[in-house]
Amino acid sequence: MNATVDIWDEFTEGIWRQNPVFVMVLGLCPMLAVTVSAVNALTMGLATLFVLVCSSGLVSMMRKLVPKEVRIATYIVIIATFVTVVDYIIQAVSLALYEALGAFIQLIVVNCIILGRAEAHASKNPPIPAMINAVGMSIGFVIGLFALGSVREILGAGTLFGVSLFGSNFQPWVIMVLPPGGFFVLGGWLLFFSWWARRKQRTQAGRTGEGTQHA
Amino acid sequence: MTSASPPTQGSIPVRPVTVVRATGPGGAQPPQKLPTAGMIRTLGLVSAICGVIIVAAYQSTYDAVAANKRIATERAVFKVIPAASSIAEYLALPSGEVALKVGAGETAASAGIRFFAAYDAHGQLAGVAAEGAAKGYADTVRIMFGYSPACQCVVGIGVVAMRETPGIGDKIITDREFLANFNALDVKLNAELSALANEVKAVKHGAKTQAWQIDAIAGATITSRAVGKAINDAAQALLPRLVPRLDALQQRSKS
Amino acid sequence: MHETAFQIFVNTLLANNLVLAMFLGLCPFLGVSGRLETAFPMGMATTFVMLVASLCAFGLNLLLSYFHLEFLRLISYIVIIASAVQLVEMVLKKYSPSLFRALGIYLPLITTNCAVLGIALFQTAREYDFIQSLAFSTGGGAGFTLALVLMASVRERLQLSNVPDLVQGTALSLMLAGILSLSFMGFAGLGG
Amino acid sequence: MTQPLIEIRSAPHVKAAKSVETIMRHVVYSLLPICAFYIFQYGISALASILVVTAACLLTERTLISTGTQAGRLSDFSAVITGLLLALTLPPGFPLWMGAVAGIVAIALGKALFGGIGFNVFNPALVGRAFVQAAFPTAIASYTPSFLAGRFTEFIPSSLALPLMMPATAADWLKAKNLDALAGATPLAKWKFDGVMANADELLTSLSGNMAVGPAPALILLCGAYLALRRFMDWRIPVAILGSAALTAWVLFAIDATRYPNPFFMLFSGGLILGAVYMATDMATSPVTPKGMWVYGALIGLLTVVIRYYSGLPEGVMYAILIANAASPLIEKVTQPTPFGRGAGIGRKRASYPLNPGYISREEASAVTPKKRFLHRKPKK
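Residue numbers (the working numbering), protein chains in the order written: chain A, 1 to 215; chain B, 1001 to 1255; chain C, 2001 to 2192; chain D, 3001 to 3381.
Okay, here's the thing in C-alpha cells:
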C-alpha cells in the first residue's frame, strides 16, 4: 500500500506541487524562446522528457560508482550525451521542426531542471522511482510549455496547432510571438496562479471562520 | 599555484591556506587523500558509455537525417525552378572552375560558392538555384533563388530562413504582387561577363520601371530591400563564375 | 553575406540582445538583478567567461570539423565551458583575490548560464570566423551586462514603491523584463 | 562663516504649495488646446480615438483602485493625462478597439503593476503605445492625411473595425478619395523609406494640408512653455533632449549632408517634441537631480537620433524614452550630490547591502531581503 502511494507521490510531485514552470520557474530560456506555437512547445517538452528520463535513469544506475568530486562533471556529460541523441532524432524525424527549434534543442543541456533533478533526486534514489519522478517532472514541464505555447499561438496567430480558430479576418497580436510576449504571457500565468492560490486560501479561511480578512 | 610560502615568523598560520589552494579543480573537498584512481575510472567509464550512445545514435539516424536534408533541399530548389526533377550540388571555385560537390565534409568549401544545378525529366539543365542572404528588419533573411540561363533572369525565389515581423515582413512569402517581381527578374551580365549589367534593387512600391528592379511591398520596405540585396550580392558573386561554364552543366553527369 | 565585426557587436549588444530578444541567460538575469552592486560584477564575469569559452569553442570547432567529429561538438563544448569557468576561477584566485572573493559565489553559476553555451553554439551555426566570434562574444557579454544593469536599476527603485503583493516576485521580474524587451525592440534592424 | 554650509536635499522638494492634483490639472489644461487642434486636423475619428482611449484608461484605473491593487485616486487626473497623451501618439484612424487595448495595457502594465501613481518606472502612455506598436504593427503605421474634406462627418474606416478583427486597409480608402497611398506615410517614414523630405512650414504647423503628421509641434512647444513658466514642469529635460538631438543630427548632417537630413527636420518631425515636452518630463520616471536631468535628456536625444537613422523603424522617441526611464534610477544614483561631510572623493561610502549567498535567489520564498544598513539607526516611531 505504502509503496504505491510513494510512487504516485513521486509521479505527481512534478506535475503540480513542484511544477518546474509555474512553481519553481526553472528552465526559462528554452521555455520562452520556443513557445511561439503549440507544436514547438510540445516537441520541446517531449525532447526534454526524453533527456530527463534517460539521464535520470543512467545517473541513478551509476549513483554508487560516481565519487562525489566528479559528480557534476559526470552528470553534465551524461546529459549532453542524451541531448546529442535527441538532437539527431529530431533531425531524422522532421527537419522543419528542427529548424524551428534551432539551437534551443542543444541548449537543453543547460536546462537547470535536468541537472537539478540529477543532483537532487536521481543521485539518491534507485532507477525506477528516479525515472518515475522524472516522467512526472517532465509532464509538468510539458504542461507548462503547452500553456505558454497555446496562449501565444492563439493570440499571436489566431490558430491552435495550425488550425484557424477565429476565421481569416482575425487580427493577430503579433507581440505574442515576439520576445516581449513570452515574458508577458509567462508573467500573466504566474499572476493568475498566485491570484488563484490566494482566492483558495481566502475561501478556506472564510470556511473555518477564523480568517481575519484583509488583503 | 603551489609556490611554497615563505617561512613565517610569528604565529600566523599560513599552512591551511596552502592546503586549500592545492585542492585544485575538484572544488571544495576536505583535504584528504583524493580517490584519484576511482575518479579516473569513473570518468573513463562514463565517457565510454556516452561515447557508445552518441555514436550509436549518430550512426542509426545518419541515413534518415541525410535523406531529410536532401528532400528539404530538393523541395526548396523545385520551388524556385518548377521544371526541375532532379538536382546536383556544385561548387563554383574562385579559379573559375565548377566542381561537383562530393560528400559533406569539404573543408575547402569556404572558397567556393555553393549552388544547385536542376535538371528536368530528360536530364537537361532546367536552371540553377543558389542561396543569398542579407540583413533584414529583425535578422538575416536567407533566400533561395532560381536562375534560368535561357533568359538570364531570376525565375523564382523561396525563403530559407528569416525572423521578420509576422504580418509585415513575412509578406515576402505570400504577397502575390511582390512574388510577381520574380517571374523574370533581369540579372544579365555585362559584356565582359565580369559583373551584373544592372544592380538588382528594390524600389519603393509602385515605382518599378526596369526589369531588374523589384517593386517593394508597401510597409515592408526593409525586408523587400533585403531580398533585393540578397539576390544582387549572390548573383554578383556567382554568375560571373558560373555563366562561362554553363556548357559543362548542360547534361546531368552520372554520379 | 559577410557581416563586419562592428555590425555583429552592435547587433548582439542591442537589436538581438541575448537576454531580451534571445531569452538566453534568464536564470542569472532574474536571480542576480536585485542590486546594482552585484549585477555589474556578475555581468563582467560572464562576459569574460563568454570570451574565453567562445575562443576555445572556435579552436575546438576547427579541430572537430577537421576530424569529421561534429557529433561530439555539444559534449565537448560543455566540457570546455566548465573548464573555462574553473580556469577563470583559479586565475582570479591567484592574481586578484579581492575580485575572486567578490565574485566567488557567482562564478560556478556561470557554468549553467545558457548564454555562454548559446554563444558557442550560435557562432558555430552561423559560421563566424575568428574576428567575428570575438565581436559576437564581447557584444553578447556587453548586452548581458547592459540588460542586467538596467534591470537592477529598475528593481532597486521598486524596493521603495508599494508594488501589489500579488505581483511581487518572479511575476514582477518577468513583466519588467517584458517591458525592457519591448523598449529594446526599437533597435530592431540596427547595424544593418 | 555666513554662507549656509548645509544643503539637505533628497527626493523632490517642491517649495511652492502645489499638490499633485494641481500640477496634473494644469497639465490637462495645457493638453486641451493640442487635442482640439488634433481633432480639427483629423475630425471625428480623432475625437472618438481620444475619448475611447481616455475612457479605457479611466475605467482600468477605477477597477484596479477599487480592487485594492493600486494606490491613488481617480480624481488625481493622472489617468486622464495618460489617456490623452496615448491618444495623441496613436494614428487618428487607429481602430478604436486597439486604442482601448492600448489604454488598458498602459494603466495595468505601466502603472498598476508598480503600485500606482508616483511609483511607475516607465511612462504608462508609452508602455501602452509600445505594446500596441509591437502587437499591431500594420495598423499603427497607417496614417491618413490631415485636413481631408468631410472629416467631421465621416469616420476613417479603419477606426470602426470590429473588436479583435482586422481593420480595413487605409490604402483602398485613400484610393477611393483619389489620393496617393503614399499620402498616408508620416514625414519620417517618407524620409526613411523614400528619401522625400518635408518642408519646414508643413512640419511646424501642418496647416498646408494633406500631410500625415501628428499633433502640431509649434502648439506643443507653446503649451509646454506655459507649463515650464508656471513651474509645473522642469525645463531642463526638454531642453536637454532637443539640444542633444539637434547636436547629434547636426554633427551627422555636417559629415554627410546628402545622407542625413538637417537638424531642423529631425527636431520637428515625428513625435520628438511631444515626447520631449510631455512624456519624458513625467516626474515619477525621470531623475530628480538637476545634473541627472541633463544626462537623462541627452541620452533620450541621442538614442532617438540613433534609432531613427540606423534602425528599422522610422520613429524612435518612444523607445528612447522607455530606455532612459529604465536607466533613470541609475542616472539618479550616479549624479547624486555628495552629502555634506562625505567629501568629494570617489571612494565615498554609500548605503550598501552585504554580499551574501542568500541574496542570489531572492525569488525563493525562504530567502530574506537583507536590510539596508543605515536603516538600523533610524529612530523608531
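Idealized CB from N, CA, C, for every residue including glycine.
Values in this document were obtained by computation on a predicted structure and should not be read as measured data.
In the DSSP assignment, R1245(B) falls outside any beta strand (DSSP E) and carries neither an H nor an E. V142(A) is positioned such that its CB atom lies no closer than 8 Å to that of G156(A).
The Cβ-Cβ distance between L1193(B) and P1149(B) does not fall below 8 Å. Secondary structure note for E69(A): it is in no beta strand (DSSP E), with a DSSP letter that is neither H nor E.
The CB of L178(A) comes closer than 7 Å to the CB of A3134 in chain D, given here in chain order. Residue pairing by DSSP places S1086(B) opposite Y1119(B) in a beta bridge.
When 8 Å is used as the limit between beta carbons, P3091(D) is near no residue of chain B, the shortest such separation being about 13 Å.
Annotation for R3129(D): L3086, T3089, L3090, A3102, A3106 and M3318 place their beta carbon closer than 8 Å to its own, counting only its chain and skipping 5 residues before and after. Separation of H1122(B) and Q1250(B) (C-alpha to C-alpha, rounded to the nearest whole angstrom) is 11 Å. Remark: C-beta atoms of L2074(C) and V86(A) do not approach each other more closely than 8 Å. Following the DSSP letters along the chain, one finds L1125(B) in no alpha helix (DSSP H) but inside the beta strand (DSSP E) bounded by residues L1125 to K1135.
Per DSSP, the continuous alpha helix (DSSP H) segment holding F3264(D) begins and ends at P3263 to F3268. A1118(B) is positioned such that its CB atom lies no closer than 8 Å to that of L1242(B).
Under the Cβ distance rule, W173(A) counts among the residues neighbouring chain D, one pair being separated by less than 8 Å.
By the rule that beta-carbons nearer than 8 Å mark a contact, A2177(C) does not touch chain D.
Within the DSSP secondary-structure output, L160(A) pairs in a beta bridge with V163(A). DSSP places R1114(B) in the strand class (E or B) of the three-state scheme. Inclusion of A33(A) and F104(A) in the CB contact set at 8 Å is warranted, their separation being smaller than that value. Rounded to whole angstroms, M1039(B) and K64(A) show a C-alpha spacing of 12 Å. For K3333(D), the uninterrupted alpha helix (DSSP H) run begins and ends at V3317 to V3334, by DSSP. Burial of H121(A) is indicated by the presence of at least 16 other C-beta atoms within 10 angstroms of its C-beta.
Interface residue (Cβ-Cβ distance to chain D less than 8 Å): V2019(C) is not classified as such.
Here Y2066(C) is exposed: its Cβ has fewer than 16 other Cβ atoms, across all protein chains shown, within 10 Å. Residue burial annotation: I2080(C) is buried, with at least 16 other C-beta atoms found within 10 angstroms of its C-beta. Chain D has no Cβ within less than 8 Å of the Cβ of N40(A).
Taking the beta carbon of A3327(D) as reference, the chain C residues within 8 Å of it are L2150 and S2153, listed in sequence order. The residues A2082 and V2085, in chain order, have a CB closer than 6 Å to that of T2111(C) in the same chain once the five nearest residues on each side in sequence are set aside. The three-state reading of DSSP puts F3136(D) in coil, since its state is none of H, G, I, E or B.
Scanning chain A for C-beta atoms nearer than 8 Å to the C-beta of A1184(B) yields nothing, as the closest lies near 30 Å away. For A2188(C), the chain B residues whose C-beta falls within less than 7 Å of its own C-beta are Y1137 and A1138, listed in chain order. For V2019(C), the number of other beta carbons within 10 angstroms of its own is at least 16, and it is reported as buried.
In the DSSP assignment, C3057(D) falls within the unbroken alpha helix (DSSP H) covering I3044 to S3066. Just so you know, the alpha carbons of W195(A) and W8(A) end up roughly 28 Å apart. Around M2022(C), no beta-carbon contact reaches into chain D at under 8 Å, the shortest distance being about 16 Å. Chain order gives no chain C residues near Y1147(B), where near means a beta carbon separation below 7 Å; the closest approach is about 18 Å. With respect to the 8 Å criterion, A3245(D) and V3305(D) are classified as neighbours on the basis of their beta carbons.
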